[in-house]
Each structure stands twice: as C-alpha cells, then as structure tokens.
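Under my numbering, the sequence shown is numbered contiguously, ending at residue 488.
Just so it is clear, CB atoms sit at the ideal spot from N, CA and C, and this is done for glycine as well.
Note that the structure is a prediction, hence the values are computed from the model and not measured.
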Amino acid sequence: MTAIPRRPDTLFASRAQHPACPRPERPSPDRDAAGRRRGPSGAAGAAGDLLTLAALPVLAALALPAAFAGGGTRRWFGGRAESQRAEAQAAKDAAAAAFYELDTAQRDLRISIETITAVDDSPAARRAVSDFDALGRRIDEVSHQYINAVDAHDLDRDDLEAAVASRARAELTTAKDELTRVKRELDRFAEGLGPLLGKAETQLARLAPAVERARQALLAATNALDAVRSSGLKAEDLAARLAALGPELTKLNQGAGQHGVQQTLERADRVVRDAEAVRAEAERLPERAAEIDHRLVSLRTRAEALRTRSGQVEPVLSELRRRFTTACWQDLQQVPDQAVRSVAQAELKLREAQAARERQRWPDATSLLSTVRALLNSTDEAVSAAGDRLRRLNAVQKDPQAEIDRTRFALRDAQRLAMAGRSTPDPRHARPLDDSVARLERAVATLEGRHPDYWHFLTETEAVRATAARVVSQIRGERGAGGA
C-alpha cells in the first residue's frame, strides 16, 4: 500500500478553476450602466448611476453566498472549526508522510530479505525471515489503522464541525505515531541484518563472474577440441565429456532464481573444473599421441631384448648348479620358462595397444602400455637375478672375509652411536644389536665345511646390516626429536 498525499485546495485555485465567478469590471465614467454614452446634460446618466448604486447591496447579498460556498471551496470565516480543520489536515498530511516512509522502508527491507533467503538457509537466516513476517503483520495493523482514520473523516466537508475535526486530528496523530514507532522497529531490524545481508551480497557478487567463467571455460574447451579434430584426431571421449556439460550450461543460463545461488555457484565451479580438464587434455592430445607412439616403439624393442636375454639364463643356472649347493639356486629354476611366457604376454599386449592407438582409444592404449611395462620390468628383474646371484656367490666364495668385515663395521658403528653420551645403552637399542652380533657369528660358522651355503650366509649378513641401519635411524630420530 502506498499513500498518495492529498493535494491541498486553496481559494485562489478555486477561483481559477471556476470561471463562473469573474472579477466585476469598473464602469466607464462617460457611459451609463447599460454602456450608453451619457448626453451633454447628464440627466439620464445620473439617473442610471442612482439605479446602479441602489442595486449593488442586493446583488452583493446574492453573490457572496455563491462565491464562498459554491464550487467546492471552503468558508473563509469559519472561526474555531476552520482552525480545527487546518490542524486535522496537517495531522493527515503528517500521517500520510509517515505511511509513505514505512511502506518504502518495508519494500526495501523485503528486497534485503529476499537477497538473504536466495543465498542463506542457515538458522539465522530462517529466523530473520520469521521476524520479518511478524513485523509485516504489525505493519499491516498500523496501516489499516491509518487507512480507517483517513476514511472515517471527510475534512473537505463544508459543514465540518470543530469537534469532528478535533477527533479526526487526534485519530490521525495516533495513527502517525504508530506508523513512526513501527518504522523505528523496522529500522532496528534492518540494522541487525547487516552481517547476513553482507554475506549474501558477497555471494551474489560472486555469481555473475562465476557464471561467466563457466561460459568462457566451455568456450575454450570447445575451441581446443575443434582444433584437435581439425588435425585428424577423433577425441571421442573428450567430445562426450564436453557434451555432458551442456545441461549444466542450460541450468546456469536459467539463473539462480530457479536453481538457487549456492547451487548455481557450485555448478559454475564444477563446470569450470570439468571444462578446463577437457581443454587441457585436448591441447595435450597431439603430444599424448606422439608419446604413445614412442612408448610402443620403445617397449617393443625392450621386449625383443628381453627375449634374447632370457635365453641366456639357462647357462647361468647350469653354472650355479655345478658349483654351488641346491639352496643357492633352487628359487631360480623357473626363471627361463617364466621369462619366455612374460615376454610373449608383453608382446600380445603390445599388439593390443597398437590396435587401440590406431582406433584412437587413448585411455585403452595407455592402460595396455602400462601392463606391458610391468610385465617387462618383472621379467627383467628375474633374468637379472640369475646373473646377479652368480656374481655375488663368486665374490663371497673367493673372499668371505670382506662380507664379514663389512657387516661387523655396520654393527660397531651402530653400537658406538648407541653408547654416545651414555654409560649404559638403552635396552631398546642394545638388544637388537646384541642379537645381530650373535646372528653374524652363526652365519660365519656356516662357512665351515666342504659345501658351505654361501647364499644363506649372504642373506644373513644382509639382514644383520639392515637391523643395524634400523637401530641407527631410530636413535637419530629420537635424539632429533629431543633436541627439537
């Protein structure tokens, strides 16, 4: 509801609007009342003047009531009633102004509430909406009170009594005071909405840029995909991922009013992220195709080399069988056959990867090449293990003392660190080191005899060195933490 202030009437306005009350003209001194020129004697003119003067009081008596009562104008000489009418009219104008201010404030605050609810669904926001609704009901009450007061009194009536005007002034003043009081409540409520409104406006300020970024990201992805396709690459999977973003763009274009501000912001971020991923992959696709081609050639060459090397494992195993005990080579018995099978499987996967590359199924080609690489790595380790085993066994058979000295040095270094700054070592450090010393002595004892198990000796010394290294790392870690 919006109050329309009353346009005040004035006597001068009434006169201007009612031409039925013209200003009387002054008669010319050389003419009579009928407009005839007086004669030389002036007798007829004098008689006319006397008749005119005699008629003036009567005409004035007839014209005055019409002039002051006709045309909707007010009486000039109403006394106390007119004073009360003026005061009532002033109260009415003040109430109208208060009503207009309250209505404007309510409209502005409703926009703020709608801004908050569009973004925020927290308990504080819901409470603000509830409080605003309660204020709205209070505003309706005082507005109806004002409207009833205005409708109850016609201040333009000619016969308005002083008592009626006084009562109208009192009711309109009360209505104005109520409107003003509720306006103050509304202002205080608006001040309390500051944090919520600021947060909501911040979110809304992010909305348009976020949606625009999403549109630009989709455009960049589309352009990148078009450029890749023009080079002869299909990129069907990227095209499908980009097409899946179409409905998301439609929802962004529909706006936050339909889908909510927070949901729209999240959707825009998701579209940007997915579109940029498509764009990046599309731009990298030519490089990726070249990389797959290079890996196909490289892995094919490596498979051929491993096929040749796997044929050399059997002679190594023959020498191990001839010179060392069964425990030194038994775990390598299956290496030749396993190497052949692994290389054959790798070559099969390479052919599948080549076919996937030709059909431009890039994820499939990449996955198959990873499988080939894993097969060749395991085969390479197995084939290398046979030759490495023979080399290490030859070294320890020739000079076992070098391995013993190397292991004892690692133990003594760990023991010195455990005793540094202490009169007695920490049992957590001393016990594993003492056990390792005994373990080394037992390993050295296995070298006595006609056919020593060199491989067992090597695995034991390696385990002792690992234990010493673990104790050293533990001590340094504890002292470093204590110093910190």
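Would you mind stating whether Val282 and Leu242 have Cβ atoms separated by less than 8 Å? Yes; because the gap between Cβ atoms is below 8 Å, this pair is in contact.
Buried or exposed (CB count within 10 angstroms, at least 16 for buried), Thr383: The residue in question, Thr383, is buried, as its Cβ has 16 or more Cβ neighbours within 10 Å.
How is Leu269 classed by DSSP in three states: helix, strand or coil? It is helical.
Identify whether Arg426 lies in helix, strand or coil by the three-state DSSP scheme. Arg426 sits in coil when the DSSP states are folded into three classes, being neither helix nor strand.
Closer than 8 Å is the cut-off here; do at least three beta carbon pairs connect the stretch 87 to 98 with the stretch 151 to 171? Judged by Cβ distances under 8 Å, the stretch 87 to 98 makes contact with the stretch 151 to 171, as three or more pairs qualify.
4-residue-minimum alpha helix (DSSP H) runs that sit fully inside the stretch 204 to 261, ordered along the chain: If we require 4 residues or more, the alpha helix (DSSP H) runs fully inside the stretch 204 to 261 come out as 240 to 247, 250 to 258.
I need the boundaries of the alpha helix (DSSP H) containing Leu437, first residue and last residue. It spans 431 to 449 - the alpha helix (DSSP H) in which Leu437 sits, taken as one unbroken run.
Run through DSSP, which three-state label would His298 get? Helix, per DSSP.
Three or more C-beta pairs under 8 Å: does that hold for the stretch 203 to 212 against the stretch 156 to 168? Using a C-beta cut-off of 8 Å, the stretch 203 to 212 makes no contact with the stretch 156 to 168, since fewer than three inter-stretch Cβ pairs fall below that distance.
Close Cβ partners of Val468 (< 6 Å) along its chain, the five nearest in sequence each way excluded: Within the same chain, Val468 has close Cβ partners Thr411, Ser440, Arg443, Leu444.
What's the gap between the Cα of Ala221 and the Cα of Lys255? For Ala221 and Lys255, the distance between alpha carbons rounds to 16 Å.
Give a yes or no on whether the C-beta atoms belonging to Leu3 and Leu197 are separated by under 8 Å. The requested residue 3 does not occur in the structure, where the chain is confined to residues 5 to 488.
Could you check the C-alpha separation between Ala132 and Ala179 for me, to the nearest Å? The alpha-carbon atoms of Ala132 and Ala179 are separated by roughly 27 Å.
Using only alpha-carbon positions, find the residue among Pro290, Gly202, Thr177 that is nearest to Leu229. Comparing alpha carbon positions, the residue from Pro290, Gly202, Thr177 closest to Leu229 is Pro290.
Could you check the C-alpha separation between Glu464 and Glu385 for me, to the nearest Å? Spanning the alpha carbons of Glu464 and Glu385 requires a straight line of approximately 22 Å.
Does the distance from the CB of Val276 to the CB of Ala357 come in under 8 Å? The beta carbons of Val276 and Ala357 sit no closer together than 8 Å.
Candidates Thr450, Val347, Ala360, Trp333: which alpha carbon is nearest Leu397's? Looking from the CA of Leu397, the closest CA among Thr450, Val347, Ala360, Trp333 belongs to Trp333.
Rounded C-alpha distance that separates Ala73 from Ala174: With a pLDDT of only 38 at Ala73, under the threshold of 50, the placement of this residue in the model should not be trusted, and no figure is reported.
In the DSSP assignment, the alpha helix (DSSP H) including Ala331 goes from what residue to what residue? Run containing Ala331: none; DSSP gives neither H nor E here.
Rounded C-alpha distance that separates Gln349 from Leu379: Rounded to whole angstroms, Gln349 to Leu379 spans 8 Å at the Cα level.
Who are the Cβ neighbours of Ala102 in its own chain at under 6 Å, not counting the five residues just before and after it? Counting only Cβ-Cβ distances below 6 Å, and skipping sequence neighbours, we find Lys180, Leu183, Thr184.
Could you give the first and the last residue of the continuous alpha helix (DSSP H) run that contains Gly196? Per DSSP, Gly196 belongs to the alpha helix (DSSP H) from 166 to 196.
Within the same chain, show all residues whose beta-carbon is closer than 7 Å to that of Leu372, passing over the 5 residues directly before and after it, in chain order. Lys353, Glu356, Ala357, Ala360, listed in sequence order.
Near Lys238, what residues of its chain come up, given a Cβ to Cβ distance below 8 Å and the 5 sequence neighbours on each side ignored? Taken in chain order, the residues that qualify are Gln364.
Cα separation between Arg454 and Glu295? About 56 Å.
Rounded to whole angstroms, what is the Cα-Cα separation between Arg306 and Ile479? If you take the alpha carbons of Arg306 and Ile479, they lie about 44 Å apart.
What number of angstroms, rounded off, separates the C-alpha of Val146 from the C-alpha of Ala138? Computed Cα separation, rounded: 13 Å.
Can you grab the Cα-Cα spacing for the pair Arg483 / Ala284, in whole Å? In a straight line, the C-alpha of Arg483 is about 48 Å away from that of Ala284.
Using DSSP with H/G/I as helix, E/B as strand and the rest coil, what is Gly140? Of the three classes helix, strand and coil, the one that applies to Gly140 here is helix, per DSSP.
From which residue to which residue does the alpha helix (DSSP H) around Gly391 run? Boundaries of the alpha helix (DSSP H) harbouring Gly391: 366 to 402, taken from the DSSP string.
By alpha-carbon positions, which one of Ala406, Ala390, Arg111, Gly259 ends up nearest to Ser314? For the options Ala406, Ala390, Arg111, Gly259, the alpha carbon positioned closest to that of Ser314 is the one of Ala390.
Look at the alpha carbon of Ala92 and the alpha carbon of Gly140, and state the distance between them as a whole number of angstroms. Using only the alpha carbons, I get a separation of about 28 Å.
Under DSSP, the alpha helix (DSSP H) around Asp341 begins and ends at which residues? From DSSP, the alpha helix (DSSP H) with Asp341 extends over 339 to 362.
Pick helix, strand or coil for Ser322, following the three-state DSSP scheme. In the three-state DSSP reduction, Ser322 falls in the helix class (H, G or I).
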